[in-house]
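Read the structure below first, then the notes.
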Amino acid sequence: MIDGHSPQHPEPASAGDFAFVAGRRNSAPLATAALTVALVIPVLRLVFTAISASVLAARDFPMVSVVAVVEGIVVFLLAVAALVLGAIVLARRRNGRARAGAAIGIAAVALWNIVVGLINGALLEAFLG
Numbered sequence: 004m005i006d007g008h009s010p011q012h013p014e015p016a017s018a019g020d021f022a023f024v025a026g027r028r029n030s031a032p033l034a035t036a037a038l039t040v041a042l043v044i045p046v047l048r049l050v051f052t053a054i055s056a057s058v059l060a061a062r063d064f065p066m067v068s069v070v071a072v073v074e075g076i077v078v079f080l081l082a083v084a085a086l087v088l089g090a091i092v093l094a095r096r097r098n099g100r101a102r103a104g105a106a107i108g109i110a111a112v113a114l115w116n117i118v119v120g121l122i123n124g125a126l127l128e129a130f131l132g
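Every position in the sequence shown, counted from 1, becomes a number in my numbering once 3 is added.
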């Protein structure tokens, strides 16, 4: 109780105490970019799922393949971009490594989903062909 406030009842924080947080620049813009690109992937997956459902409801079966191919290409490009940006951040050993790691993880899962989808399509074609 040196300054009149006990440890159980500290002095309330003022708006000035948090000014450094609000005015602080992003210390790792590349890491933020990597995570942002990676987080777009699941959102696009949901959008493409809704598009596929509406195309299936319209019984436009050839268009389902077109939607799947477009989805695969867009997700692949975004995943590679997130992977590269995340790897650059990790190679530089600077701030933002957690965001870069999360971006790499999300991108790796997206790429794995594409590979599994291609294998699944190939197996279906081989056995049901």
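Each residue gets a CB set at the ideal place from its N, CA and C atoms; glycine is no exception. These figures come from a predicted structure and were not determined experimentally.
The C-beta distance from G75 to I117 rounds to 6 Å, short enough to fall under 8 Å. In the three-state DSSP reduction, N123 falls in the helix class (H, G or I). With fewer than 16 other Cβ atoms from the protein chains shown falling within 10 Å of its own Cβ, I122 counts as exposed.
Of the candidates A31, I91, A85, the residue whose Cα lies closest to the Cα of A110 is A85. Here G124 is exposed: its Cβ has fewer than 16 other Cβ atoms, across all protein chains shown, within 10 Å. Just measuring C-alpha positions, the residue of L33, V77, V69 sitting nearest R48 is V77. Within the same chain, V70, E74 come within 7 Å of F51 by CB-CB distance, once the 5 residues on both sides are set aside.
Burial check for V40: the Cβ neighbour count within 10 Å reaches 16 or more, so the residue is buried.
The region 51-97 is shown to contain whole alpha helix (DSSP H) runs of 4 or more residues at 64-95, in chain order. Burial is judged here by how many other beta carbons sit within 10 angstroms of a residue's own beta carbon; V92 has at least 16 and is buried.
Counting C-beta atoms within 10 angstroms of its own C-beta, G132 has fewer than 16 neighbours from the protein chains shown and is therefore classed as exposed.
In the three-state scheme derived from DSSP, where H, G and I count as helix and E and B as strand, G108 is classed as helix. Check the Cα spacing between A36 and each of R96, A106, F79, A60: the tightest is with A106.
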